[in-house]
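So the structure is just underneath, and the comments pick up after that.
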Amino acid sequence: MKQAKKAASGSKEDTAVTTTVETAVIAEEEDADTKDANLEAAGTTATGKKRQRTLMDMFGGTVTTTSTSSRSAKKAKLENEPGVEDSFSVSAYETELSDEERDLLALECETMGKSCRVRVVIIGQDPYHGPGQAHGLSFSVPQGITIPPSLRNIYKEIKAEYPEFTAPAHGNLTSWAENGVLLLNTCLTVKAGAAGSHSNRGWETFTDKIVDVVDKYGGTDLSTNSTDHTRGIVFLAWGAWAAKRVTKVDKVRPSRLLISAKATIHRYRLQKKHLILRSAHPSPFSARNGFFGNGHFKKANDWLVEKYGPDARVNWCNL
1 MKQAKKAASG
11 SKEDTAVTTT
21 VETAVIAEEE
31 DADTKDANLE
41 AAGTTATGKK
51 RQRTLMDMFG
61 GTVTTTSTSS
71 RSAKKAKLEN
81 EPGVEDSFSV
91 SAYETELSDE
101 ERDLLALECE
111 TMGKSCRVRV
121 VIIGQDPYHG
131 PGQAHGLSFS
141 VPQGITIPPS
151 LRNIYKEIKA
161 EYPEFTAPAH
171 GNLTSWAENG
181 VLLLNTCLTV
191 KAGAAGSHSN
201 RGWETFTDKI
211 VDVVDKYGGT
221 DLSTNSTDHT
231 RGIVFLAWGA
241 WAAKRVTKVD
251 KVRPSRLLIS
261 AKATIHRYRL
271 QKKHLILRSA
281 HPSPFSARNG
291 FFGNGHFKKA
301 NDWLVEKYGP
311 DARVNWCNL
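Read left to right, the sequence shown gives residues 1 to 319 (full-length UniProt numbering).
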């Protein structure tokens with residue numbers, strides 16, 4: 001009997017010890033997880049070495065830890081709230097960026113701030129890779145830099161569509177940007193002297209997000225009567241790289257028509273939101289395969305005028 005009680009007592013002690021050890025292990029693991037999360041947020045590893053940042057780290061803002069259920073709830077709340085799409089704030093977005101990110105994305109944030117006035121998007125490949133050529137706008141070069149062959153071909157096409165156009169002695173397209181034309185490269189950096197050297201390194205994901213923003217908000221301010229189904233802009237996609245960027249926005253969207261009779265009847269018809277114009281790239285290697293004669297500049301203006309009125313056209317000749 002005594003031996004049984006002693007065995008039972010020993011069993012209880014063993015259980016207590018085991019429970020204590022398990023509790024200690026769990027606490028230690030939780031503490032380790034917390035430390036790992038803090039290290040990740042600080043951008044370091046357990047050895048104290050600086051962790052190499054990825055492109056997505058640079059554009060992701062400050063790292064925070066949030067439970068999955070909390071994130072899902074917030075996402076559901078945002079998606080269900082009326083008017084959320086119209087309340088996008090670039091200034092609020094910029095406050096989430098670090099000083100380094102804000103400096104690197106200054107031009108992009110400025111462009112996003114004007115996204116409601118964007119009427120045409122011209123998508124290029126990557127920046128010119130020669131000295132002093134790139135300055136943030138696709139196909140454009142600063143004043144004083146020799147006009148690249150691709151841009152000379154663009155000028156030739158404008159001349160064919162608008163005979164009154166006189167090609168300028170420079171290649172700066174800033175006036176287009178100020179007139180609502182988003183000149184966006186697929187990749188925003190390139191190795192000197194090596195075209196396409198930074199493709200498939202993350203820039204395409206970032207560029208797609210910019211296109212998504214323009215897809216949602218582009219054209220909002222082009223008409224005083226603009227609503228969800230009257231928004232829309234023109235995408236000029238020259239070459240294979242650009243064509244890939246517009247595959248998601250070239251889609252059919254519902255447009256509601258109000259028909260008045262004895263009773264109000266709501267009927268839906270399918271209508272494309274944007275005008276997507278594709279052709280070969282203006283590069284000397286491909287311009288004769290479909291870029292010359294594509295009529296894109298005139299087609300873009302004809303569509304904008306029909307949709308929003310004469311004030312929506314782009315003055316392509318103003319350079």
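All C-beta atoms, glycine included, are put in the ideal place defined by N, C-alpha and C.
Between the region 291-299 and the region 153-162, the count of Cβ pairs shorter than 8 Å is three or higher; the stretches touch. Rounded to whole angstroms, I233 and L184 show a C-alpha spacing of 14 Å.
Membership of V211 in any beta strand (DSSP E) is not indicated; the residue belongs instead to the alpha helix (DSSP H) covering 203-217.
Taking all protein chains in view, the Cβ of G193 is surrounded by fewer than 16 other Cβ atoms within 10 Å, so the residue is classified as exposed.
Nearest to H135 by C-alpha distance, out of A312, N172, I276, is N172. Here A194 is bridged, per DSSP, to K191. DSSP places W316 in no beta strand (DSSP E); its state is neither H nor E. By the CB criterion at 8 Å, V120 and V314 fall inside the cutoff. Around the beta carbon of A287, 16 or more other beta carbons sit within 10 angstroms, so the residue counts as buried.
Scanning its chain for C-beta atoms nearer than 7 Å, with the 5 sequence neighbours on each side dropped, one finds around P282 the residues S150, N153, I154, W238, F291, in chain order. DSSP places S286 outside any beta strand (DSSP E), giving it a letter other than H or E. The shortest C-alpha to C-alpha distance from P131 to any of W203, I145, I123 is the one to I145. The criterion of a C-beta distance shorter than 8 Å is not satisfied by L182 and P127.
I210 and W316 have their alpha carbons spaced roughly 23 Å apart. Shown here for G219: same chain residues with a beta carbon closer than 6 Å to its own, the five before and five after excluded, namely R231, G232, I233 in chain order. The DSSP-derived three-state label of K273 is coil.
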